[in-house]
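Engineer: For the sequence shown, our numbering begins at 2 and goes up steadily by one.
To start, I am sharing the structure in question, which I have written as structure tokens.
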Amino acid sequence: MRINKYLADCGVGSRRECDKLIADGLVKINDKIATLGSDVKENDHVTVRGKRVGDKQSLVYVMLHKPKGYVTTAKDDLGRKTVLDLVGDIKQRIYPVGRLDYDTEGLLILTNDGDMANRLTHPRNEVNKTYIARISGQLTEAERRTLEKGVLLDGVKTAPAKVKILEKDEHHTRVEVTIHEGRNRQVKRMFETVGKEVEFLKRVSIGELRLGGLKRGTYRYLHDDEIEYLKNL
Numbered sequence: 002m003r004i005n006k007y008l009a010d011c012g013v014g015s016r017r018e019c020d021k022l023i024a025d026g027l028v029k030i031n032d033k034i035a036t037l038g039s040d041v042k043e044n045d046h047v048t049v050r051g052k053r054v055g056d057k058q059s060l061v062y063v064m065l066h067k068p069k070g071y072v073t074t075a076k077d078d079l080g081r082k083t084v085l086d087l088v089g090d091i092k093q094r095i096y097p098v099g100r101l102d103y104d105t106e107g108l109l110i111l112t113n114d115g116d117m118a119n120r121l122t123h124p125r126n127e128v129n130k131t132y133i134a135r136i137s138g139q140l141t142e143a144e145r146r147t148l149e150k151g152v153l154l155d156g157v158k159t160a161p162a163k164v165k166i167l168e169k170d171e172h173h174t175r176v177e178v179t180i181h182e183g184r185n186r187q188v189k190r191m192f193e194t195v196g197k198e199v200e201f202l203k204r205v206s207i208g209e210l211r212l213g214g215l216k217r218g219t220y221r222y223l224h225d226d227e228i229e230y231l232k233n234l
């Protein structure tokens, strides 16, 4: 089995995260530094940062309603709370799929299934993610169409989006935004290009999987049909 898949199946991280560990020379097979093309055979001794990686774990799939004030990483150098603090009673080692900003809340998937994590985050699969945002001021129809067609971020135009105005008053506009890209702070930066500040942002769905009534800061295990759906996106 290819080393990155083996590490992902053991719950070390997503395929991409495992690729980085390998590229950084932090993975060894039988005390020899592994490369991205290395394979793992039965009874091989595999370590990450000097610690033995055990057998494959049973696969776990969790939906978390991430609150504001948590970072979407396994560990934070600044000592901030991470989303793993909210699932600490789960015995298997799981990790977040993709990211939500520190001050963004909503639907987050955590798993130890590296194949699923890769499928959900790889740009070629164009998995839709829907957000509810409250922005400052009134969003005009012309600005809404501009956002849908795509705007320049770091010199590269965003892919077409869906932007639906839900309600507005003289001070704020509440909108639903659907994108399939995952650029850093993308939704907030998109609105900045039309002179609007996002005051609140919540991810409510990934594909057709919806957050529903899950309370902020709590999680639940995904149902079999939800797991099957995500695996086939």
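Glycine is no exception: its CB is placed at the ideal position from the N, C-alpha and C atoms.
What you are looking at is a predicted structure, and each value in this text was computed from that prediction instead of being measured.
Start and end of the alpha helix (DSSP H) containing Leu-22?
Structural biologist: First-last of the alpha helix (DSSP H) with Leu-22: 16-24.
Engineer: Note down, in chain order, each residue of its chain lying with its Cβ closer than 7 Å to the Cβ of Leu-65, except the 5 sequence neighbours on either side.
Structural biologist: Cβ neighbours of Leu-65 beyond the five flanking positions: Val-84, Leu-87, Val-88, Leu-109, Leu-111 and Tyr-220.
Engineer: Starting from the N-terminal side, write out each stretch of the beta strand (DSSP E) that is 3 residues or longer and does not extend beyond the region 45-79.
Structural biologist: The qualifying runs are 47-49 and 62-67.
Engineer: Just verifying my parser: in three-state terms, what is the DSSP assignment at Ala-35?
Structural biologist: Reduced to three states, the DSSP call for Ala-35 is coil.
Engineer: If we ignore side chains and look at the alpha-carbon of each, how far apart do Tyr-71 and Glu-144 end up?
Structural biologist: Answer to the nearest angstrom: the Cα atoms are 31 Å apart.
Engineer: Helix, strand or coil: which one does DSSP assign to Glu-200?
Structural biologist: Glu-200 falls in the strand class under three-state DSSP.
Engineer: If you follow the beta strand (DSSP E) that Val-164 is part of, which residue opens it and which one closes it?
Structural biologist: Run containing Val-164: 163-169, per the beta strand (DSSP E) assignment.
Engineer: Taking DSSP as the reference, what is the three-state secondary structure of Thr-241?
Structural biologist: It is not possible to answer for residue 241, since the shown part of the chain is limited to 2 through 234.
Engineer: From the DSSP output, read off the bridge partner residues of Leu-108.
Structural biologist: DSSP, once it has assigned bridges, lists His-66 as partnering Leu-108.
Engineer: Under 8 Å by Cβ, that's how I've got Ser-15 and Ala-134 pegged, so tell me the actual separation to the nearest angstrom.
Structural biologist: Not quite, the Cβ-Cβ distance comes to about 27 Å (not below 8 Å), so this is no contact.
Engineer: Pull up the DSSP beta-bridge partners for Thr-219, would you.
Structural biologist: DSSP lists no partner for Thr-219.
Engineer: Straight-line CA distance for Val-164 to Gly-151?
Structural biologist: If you take the alpha carbons of Val-164 and Gly-151, they lie about 11 Å apart.
Engineer: Quick one: Cα of Asp-45 to Cα of Thr-159, how far?
Structural biologist: Taking the straight line from one Cα to the other gives about 44 Å.
Engineer: With distances taken from CA atoms, which of Leu-8, Asn-31, Lys-33 and Val-63 is nearest Lys-21?
Structural biologist: The candidate whose alpha carbon is nearest that of Lys-21 is Leu-8.
Engineer: Among the residues of its own chain, which have a CB less than 7 Å from the CB of Asn-129, if the five just before and after it don't count?
Structural biologist: Contacts found: Thr-179, His-181 and Gly-208.
Engineer: Among the candidates Glu-127, Ile-30, Thr-36 and Pro-68, whose CA atom is the shortest distance from the CA of Gly-55?
Structural biologist: It is Ile-30.
Engineer: Do you know whose CA, among Gly-115, Lys-189 and Leu-101, lies nearest Arg-3's CA?
Structural biologist: It is Gly-115.
Engineer: Contact check, Tyr-222 vs Tyr-62 under 8 Å by CB: the rounded distance?
Structural biologist: Correct: roughly 7 Å between the Cβ atoms.
Engineer: Kindly indicate which residue of Val-47, His-173, Glu-227 and Thr-147 has the alpha-carbon position closest to the one of Ser-137.
Structural biologist: Nearest C-alpha to Ser-137: His-173.
Engineer: What are the boundary residues of the alpha helix (DSSP H) that includes Ile-228?
Structural biologist: Start and end: 225-232.
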